[in-house]
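Residue numbers (the working numbering), protein chains in the order written: chain V, 1 to 717; chain U, 1 to 717.
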């Protein structure tokens with residue numbers, strides 16, 4: 001296997017920094033200081049045109065003056081100097097660079113051209129680089145810090161990949177405050193050379209990294225992202241935040257790193273397909289990621305709640321329920337054991353509510369251990385473990401009563417030993433999260449954080465952190481995804497498309513569309529074209545009444561409500577009337593006599609091409625509800641059977657596919673095959689721009705495509 | 001108007017505390033200390049059986065020994081002492097009490113009996129009390145603190161009503177950390193006497209309180225809650241968190257304050273009806289409440305975003321979009337003005353992204369003021385204003401370069417003046433929220449907090465705080481709600497119900513149900529009962545083909561898929577066949593010949609009675625989709641026209657009610673009238689337990705009730 005370009009970039013033995021000086025106001029200086037101060041033990045070469053030393057290190061005027069070709073070049077220079085400097089360093093043999101400098105693709109065409117030139121130079125000299133317009137990297141294993149801020153040097157287990165530099169640098173104090181520590185963090189910038197997927201692949205294999213988080217404004221190569229993530233996510237959790245999917249989000253992101261954003265619903269589907277857990281805030285991304293990185297995986301959905309306050313206990317239970325977990329009553333035996341430790345009126349049922357109780361050891365260690373031992377639960381949330389935080393809250397009022405003992409001494413005297421509590425998740429292989437309102441001003445909180453137990457500042461969040469683990473349980477249980485082989489192109493289908501294009505059509509007509517679909521095994525209505533009353537009668541007799549009568553011409557994309565369709569025609573008399581009327585309204589267009597399929601379960605399948613993702617398949621509720629309810633889901637083609645099945649389970653109305661109000665269960669494998677076929681057709685026929693099969697009706701168990709629209713595009717890449 | 005019982009309770013001139021001692025380990029002592037230390041200037045009387053002084057104050061052995069009847073009694077005594085002490089104090093004329101002691105309704109039948117006795121004594125002596133099982137109150141205006149913790153004495157503007165004591169006491173340091181200050185906070189406990197609605201009414205009229213937040217585990221008197229809130233919410237925001245609506249949430253809550261929780265969907269509807277903004281975490285409740293309490297109301301949905309980092313700017317925009325706000329491009333003129341202050345490649349469009357920029361005055365004050373002056377926006381979110389927080393992040397690395405100047409001195413030297421920035425919302429009447437990752441370790445954050453500008457620790461949250469203000473704009477714009485007068489009882493309807501009950505029916509049959517509905521103006525299908533083939537033919541001829549043929553007997557509650565219904569009968573031959581078949585399958589039951597109403601838009605209306613709320617009306621998507629999509633909404637009856645209209649707008653599929661895919665717009669006033677009628681029928685006929693009108697079909701614009709089920713209950717209160 002080819003070595004990932006990030007390996008050397010994150011683990012250099014020698015680093016040259018251009019853009020650092022002896023002025024502490026400069027960003028480059030701050031970044032060089034981070035190299036020097038945060039434990040890097042390799043060789044460090046400041047590049048400076050005039051200074052003899054920079055930050056106490058011998059400085060060099062150019063690449064050529066260096067005693068060796070450094071493994072890594074860090075550039076924080078004016079935009080115009082980037083290309084010359086990269087050329088200099090490729091000249092001496094440096095193979096990795098991080099380009100912090102901005103002013104490229106994100107600022108417009110001129111910058112984009114410069115970025116292209118940069119890519120060319122790199123390609124030519126086999127240099128791999130991060131950026132431009134990024135904010136550096138962190139590798140706590142080395143340690144190496146190339147950001148502007150001070151790093152927590154204790155190695156962590158959370159890997160971060162970010163299209164925003166802020167989330168790798170400006171949040172370092174935020175993360176420290178919350179006890180969250182990176183393994184590696186990578187700010188990707190414009191991704192001109194090394195991209196997010198390279199980073200994902202690297203962290204997927206990095207042993208220090210136990211969970212991966214991604215901040216995403218746009219994915220360039222969707223298919224590679226999906227396939228890379230699918231390899232990682234069954235064993236290592238990947239979480240992502242995506243904010244580019246709304247109008248202003250997309251505009252803001254474009255001006256930021258020049259990333260092209262896609263609609264939110266598309267990314268929602270892509271993340272599901274990839275096995276990536278979606279987060280909706282940077283806070284959740286960090287905190288849930290940290291929970292995955294530090295806790296044993298969840299093995300079931302049974303949650304225990306231990307609290308000393310009813311409100312938070314209720315909130316935790318409620319949020320666990322919403323996330324599909326259960327907070328079930330403990331067995332009588334377990335309750336009896338717990339009851340020995342708690343006040344008489346306190347509840348032992350789950351939540352265990354100790355009420356106002358001063359013995360923190362019972363809350364933090366004894367009851368949790370009883371519960372984890374019992375085998376009755378898969379996860380645990382504890383609320384209310386507090387030490388100095390509580391004391392600080394009351395000390396001011398009682399200091400006189402405390403006989404003048406200073407606050408710090410009281411805190412020290414009352415300090416609790418949480419060693420056993422912190423060891424519980426490891427000991428029992430069961431994850432635990434903590435809810436506390438006291439933050440770092442409480443010594444218990446700090447002990448938990450230092451012991452790699454995630455602490456959340458509200459009960460809802462502690463529950464949601466656990467629910468995030470539950471999401472990964474579902475991903476671990478996914479059936480293996482085998483990339484499907486594409487079928488052969490049907491020459492007959494190619495002929496249909498070519499004939500239509502040659503005839504100047506922008507779409508296939510309904511009959512052509514269904515013929516094409518049928519060639520790929522998609523079940524469609526029995527139907528015949530009729531150009532005369534005789535043909536209509538003959539067709540209807542062959543198909544059998546009742547029938548539908550429709551105008552059939554490629555320009556008619558939607559027929560409803562325009563007199564171009566008549567349904568439920570039951571006899572020859574009605575047929576002739578319908579034929580005449582439809583033919584007249586359709587200005588003499590061909591008429592389609594079609595088997596009448598009725599059923600109250602109407603579905604839709606379709607295909608749209610999205611930049612970066614190629615053809616994507618849609619499935620959802622069809623008929624009049626498609627627009628009104630927007631109960632749809634997307635995946636990128638091609639679809640494996642597992643992926644198609646998952647689409648069927650995505651929709652809110654999925655109950656309709658089971659046996660439902662006297663109707664038989666849908667043939668889900670037939671439905672899945674339609675979705676796979678739609679994706680395959682798009683991949684095999686690049687001239688097809690869009691597919692819309694709506695409705696697909698479930699009369700009995702079997703789906704039938706009742707109407708079909710296939711839009712063509714003259715030039716498709 | 002009657003004085004609210006909380007007025008005296010929150011503003012006493014004299015307080016007796018029973019349960020405090022000279023032992024600082026006791027909760028009662030901590031609460032007494034809060035009275036003494038946190039600024040209460042009235043008279044304070046510790047009650048203690050043996051001590052001569054408590055906390056330096058003369059102690060009294062009993063109520064009778066006191067020099068006066070104190071305005072307020074605070075009880076933190078063992079459960080068994082509560083009733084005797086309350087009796088003693090009512091005996092000397094004390095009219096208000098706060099009962100912290102637990103062990104009442106929340107622990108079971110014995111406690112419940114004691115609570116009833118307590119209520120009786122209070123009623124007898126006109127004492128009003130809070131609790132039992134509560135945690136006290138805070139009134140920063142007096143000031144008075146009856147909780148166990150130290151209170152921020154600077155008066156705030158946020159009123160809190162809580163069914164969990166923790167959220168009034170244990171979160172005081174949490175709130176201080178986030179700059180949030182109460183006006184008044186009330187822990188309600190078991191609500192044996194004074195309840196949440198009393199508190200809501202009080203804070204609604206309290207001038208110090210600019211916004212009200214409520215933590216709710218169950219509402220006892222739903223109708224009073226709705227009516228009280230409806231009076232307050234058009235001018236003062238009320239926000240609520242409800243966590244009792246899931247299985248474990250309900251169980252946890254019940255064991256906590258003994259509150260009876262209702263299903264989540266019911267509370268969702270009730271909050272909408274009341275104009276209450278729902279929050280889904282205690283964090284949002286506090287932070288959004290604080291935003292409402294401190295910021296001018298939002299007057300439109302146009303948001304400006306100013307940032308020095310792209311990621312957060314994108315996240316803010318995305319979340320504003322999701323919440324229905326727009327982040328639109330500024331006018332060219334405004335952009336030109338902004339461009340003069342920012343680097344050449346920075347974006348002036350909105351979001352304004354200054355990129356890495358050191359002049360915080362531009363970010364915090366100058367650009368925000370330009371934007372607010374422009375008249376182009378209704379709200380502003382600023383990300384990235386930071387002072388000492390940034391310095392602390394880099395100081396360690398650069399302290400040698402700083403020439404040994406201590407961190408504090410550098411912080412002081414670089415301190416920014418945010419006076420003008422903080423004054424902006426007041427000056428322009430436009431709300432502002434701040435996003436910062438640095439928390440209280442940053443002096444800018446502290447300045448904002450002290451200046452009553454809400455600071456959020458992530459960009460998404462700052463945007464969601466603004467979106468919460470947008471929710472209140474919609475509530476302010478609600479049409480006035482006039483409580484509707486109930487119609488007269490229809491004697492004919494009463495007769496139908498009585499006849500059915502006398503006949504031993506547990507439900508009306510379909511024909512009876514529709515007759516009853518029609519008496520209250522509900523449009524139903526034309527239909528006739530047929531007991532013979534002749535009658536069937538006659539009925540069908542009178543109604544006109546096509547018709548539906550249904551078995552009609554009260555025990556048949558659902559007909560689909562059992563051979564008890566045949567649809568689309570088009571002629572006499574088919575009618576006779578259908579009649580025979582349905583009559584046979586129905587074991588000779590009456591047969592209903594019914595006008596055939598077809599249409600793809602099927603709705604449902606219904607009624608269920610919920611404890612605490614009485615009859616509640618349901619509206620939603622009908623037919624097979626009712627169960628599969630659960631696109632429904634609830635309100636408590638009776639419904640005003642405005643409330644019924646709002647229900648129609650609640651469903652996700654509301655587009656279906658407009659002109660839709662060739663179908664005419666629904667007659668929404670006819671639909672609203674059906675909902676009002678359903679509520680009125682339930683109020684006028686207490687024997688009716690449930691109503692289920694499904695489907696209501698829109699063939700054209702007018703809704704018709706096609707099937708109806710009315711369930712009876714022998715004993716209804």
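Virtual Cβ for every residue (Gly too), placed ideally from N, Cα, C. Keep in mind that this is a model prediction, so the values were computed, not measured.
Residue 706 of chain U versus residue 608 of chain V - alpha carbon distance: Cα to Cα, residue 706 of chain U sits roughly 40 angstroms from residue 608 of chain V.
Within chain U, the residues that residue 170 of chain V reaches when beta carbons sit closer than 7 angstroms: Result: 309 and 437.
Coarse secondary structure for residue 709 of chain U, derived from DSSP in three states: Strand at residue 709 of chain U.
Residue burial classification, residue 573 of chain V (beta-carbon count within 10 angstroms, cutoff 16): In summary, residue 573 of chain V is exposed, with fewer than 16 beta-carbon neighbours lying within 10 Å of its beta-carbon over all protein chains present.
Where the alpha helix (DSSP H) containing residue 140 of chain U begins and where it ends: It is not in any alpha helix (DSSP H) - residue 140 of chain U carries neither H nor E in the DSSP assignment.
Where the beta strand (DSSP E) through residue 350 of chain U begins and ends: Residue 350 of chain U -> no beta strand (DSSP E), and no H or E assigned at all.
Residue 408 of chain U at chain V interface by Cβ criterion, 8 angstroms: With 8 angstroms as the cut-off, residue 408 of chain U does not count as an interface residue toward chain V.
Range of the contiguous alpha helix (DSSP H) that encloses residue 129 of chain V: Note, residue 129 of chain V: premise wrong, no alpha helix (DSSP H); beta strand (DSSP E) at 128 to 130.
8 angstroms Cβ cutoff met for residue 211 of chain U and residue 184 of chain U: No Cβ-Cβ contact shorter than 8 angstroms links residue 211 of chain U with residue 184 of chain U.
CB-CB length for residue 96 of chain U against residue 8 of chain U, believed under 8 angstroms: Rounded to whole angstroms, the Cβ separation of residue 96 of chain U and residue 8 of chain U is 5 angstroms, and the two are in contact under 8 angstroms.
Within chain V, the residues that residue 653 of chain U reaches when beta carbons sit closer than 8 angstroms: In chain order: 625, 628 and 629.
Coil, strand or helix - residue 641 of chain V by DSSP: Here residue 641 of chain V sits in helix by DSSP.
Residue-chain proximity (residue 24 of chain V, chain U), Cβ-Cβ < 8 angstroms: Yes, because at least one Cβ of chain U sits closer than 8 angstroms to the Cβ of residue 24 of chain V.
Three-way DSSP call (helix, strand, coil) for residue 508 of chain V in this model: The three-state secondary structure of residue 508 of chain V, taken from DSSP, is strand.
Residue burial classification, residue 450 of chain U (beta-carbon count within 10 angstroms, cutoff 16): Residue 450 of chain U is exposed by the Cβ-count criterion.
Interface flag, residue 217 of chain U vs chain V, CB-CB below 8 angstroms: It does: the Cβ of residue 217 of chain U has a partner Cβ on chain V nearer than 8 angstroms.
Start-to-end residues for the beta strand (DSSP E) that takes in residue 444 of chain U: Here residue 444 of chain U belongs to no beta strand (DSSP E); instead the alpha helix (DSSP H) covers 443 to 450.
Neighbour list for residue 724 of chain U in chain V, Cβ cutoff strictly below 9 angstroms: No answer is possible for residue 724 of chain U: the residues shown for chain U start at 1 and end at 717.
Minimum length 4: unbroken alpha helix (DSSP H) runs contained in the stretch 359 to 409 of chain V: The DSSP assignment places complete alpha helix (DSSP H) segments of no fewer than 4 residues inside the stretch 359 to 409 of chain V at 367 to 374 and 388 to 398, in order along the chain.
CA-to-CA distance, residue 686 of chain U to residue 717 of chain U, given in whole angstroms: No answer about residue 717 of chain U holds up, because its pLDDT of 41 lies below 50 and its placement is not dependable.
Exposure of residue 396 of chain U, with buried meaning 16 or more beta-carbon neighbours within 10 Å: The residue in question, residue 396 of chain U, is exposed, as its Cβ has fewer than 16 Cβ neighbours within 10 Å.
Whole-number beta carbon distance between residue 189 of chain U and residue 132 of chain U, since they are thought to touch under 8 angstroms: Yes, they are in contact, since the Cβ atoms of residue 132 of chain U and residue 189 of chain U sit about 6 angstroms apart, within 8 angstroms.
DSSP state of residue 704 of chain V mapped onto helix, strand, coil: In the structure shown, residue 704 of chain V sits in a strand (DSSP, three-state: E or B).
Entirely enclosed beta strand (DSSP E) segments - the stretch 490 to 574 of chain V, minimum 3 residues: Taking only runs of at least 3 residues, the beta strand (DSSP E) segments lying wholly in the stretch 490 to 574 of chain V are 527 to 530, 547 to 552 and 565 to 569.
Residues near residue 98 of chain U by beta carbon distance below 8 angstroms, same chain, minus five either side: Contacts found: 9, 72, 73, 74, 75, 129, 130, 131, 134, 136, 137 and 146.
DSSP beta-bridge partners of residue 43 of chain U: According to DSSP, which records beta bridges pairwise, residue 43 of chain U is partnered with U:14.
The alpha helix (DSSP H) enclosing residue 291 of chain V, as first and last residue numbers: Where residue 291 of chain V is concerned, the enclosing alpha helix (DSSP H) stretches over 282 to 294.
Exposure label - residue 693 of chain V; buried when at least 16 CB within 10 Å: Around the beta carbon of residue 693 of chain V, 16 or more other beta carbons sit within 10 angstroms, so the residue counts as buried.
The stretch 420 to 435 of chain U contacting the stretch 366 to 381 of chain U, beta-carbon criterion three pairs below 8 angstroms: Taking one beta carbon from each stretch, the stretch 420 to 435 of chain U and the stretch 366 to 381 of chain U have 3 or more pairs nearer than 8 angstroms; the two touch.
Near-chain B residues of the stretch 139 to 169 of chain V (beta-carbon distance less than 8 angstroms), N- to C-terminal order: The structure shown has no chain B; the protein chains it does contain are V and U.
Sub-8 angstroms separation of residue 710 of chain V and residue 688 of chain V beta-carbons: Cβ distance < 8 angstroms, so residue 710 of chain V and residue 688 of chain V count as in contact.
Three-state class that DSSP yields for residue 264 of chain V in the structure shown: Of the three classes helix, strand and coil, the one that applies to residue 264 of chain V here is helix, per DSSP.
Contact set for residue 615 of chain V: own chain, Cβ-Cβ below 7 angstroms, skip 5 residues either direction: Closer than 7 angstroms at the Cβ level, and outside the excluded window around residue 615 of chain V, lie 607, 609, 637, 679, 682 and 683.
Continuous beta strand (DSSP E) stretch holding residue 690 of chain V: start and end: Note, residue 690 of chain V: beta strand (DSSP E), 688 to 698.
Distance between residue 333 of chain U and residue 375 of chain U (C-alpha atoms, nearest Å): Going by C-alpha positions, residue 375 of chain U is about 12 angstroms away from residue 333 of chain U.
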